[in-house]
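Student:
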Ligand SMILES: [Zn+2]
Ligand SMILES: [Zn+2]
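Numbering (this note's numbering), first residue to last: 258 to 350.
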């Protein structure tokens, strides 16, 4: 898999994507990678090379924003999806 895409809305434009740390420790991890001399985009490649370890998900800015502003802390895309399908998705999986 060469393309970094996220499952919620399928956005693949790297600049629109951001890594969502499910455990909310993203800033620290990002700082650690940057302090090792990696650029800000490195995390996408790091994730890909590490087979997208648990605890991370790729979100685009829309989804990140929607999630952080929704009372359920779930992207509105997924709420809509859940309503359509009557299923609950855990952590975007
Ligand atoms: Zn999205
Ligand atoms: Zn979304």
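The C-beta atom is built at its ideal place from N, Cα and C for all residues, glycine as well.
#1: Can you tell me which of 266, 270, 286 and 265 puts its alpha carbon nearest to the alpha carbon of residue 312?
#2: Excluding sequence positions up to five away, which residues of its chain have a Cβ less than 6 angstroms from the Cβ of residue 354?
#3: Tell me, please, which residues DSSP counts as bridged to residue 313.
#4: In this structure, does DSSP put residue 323 in helix, strand or coil?
#5: Using only the heavy atoms of ligand 1, determine whether one of them is closer than 7 angstroms to the beta carbon of residue 316.
Tutor: In short:
#1: Counting from one through the chain shown, the residue named residue 312 turns up at place 55. Of the candidates 266, 270, 286 and 265, the one whose C-alpha sits nearest the C-alpha of residue 312 is 286.
#2: Absent from the structure is residue 354, since the part of the chain shown begins at 258 and ends at 350.
#3: Translated into the one-based positions of the chain shown, residue 313 becomes position 56. Residue 313 pairs with 278.
#4: As a working note, residue 323 is residue 66 in the chain shown. For residue 323, the three-state secondary structure derived from DSSP is helix.
#5: Sequence index remark: in the chain shown, residue 316 carries index 59 (1-based). Correct: residue 316 has its Cβ closer than 7 angstroms to ligand 1.
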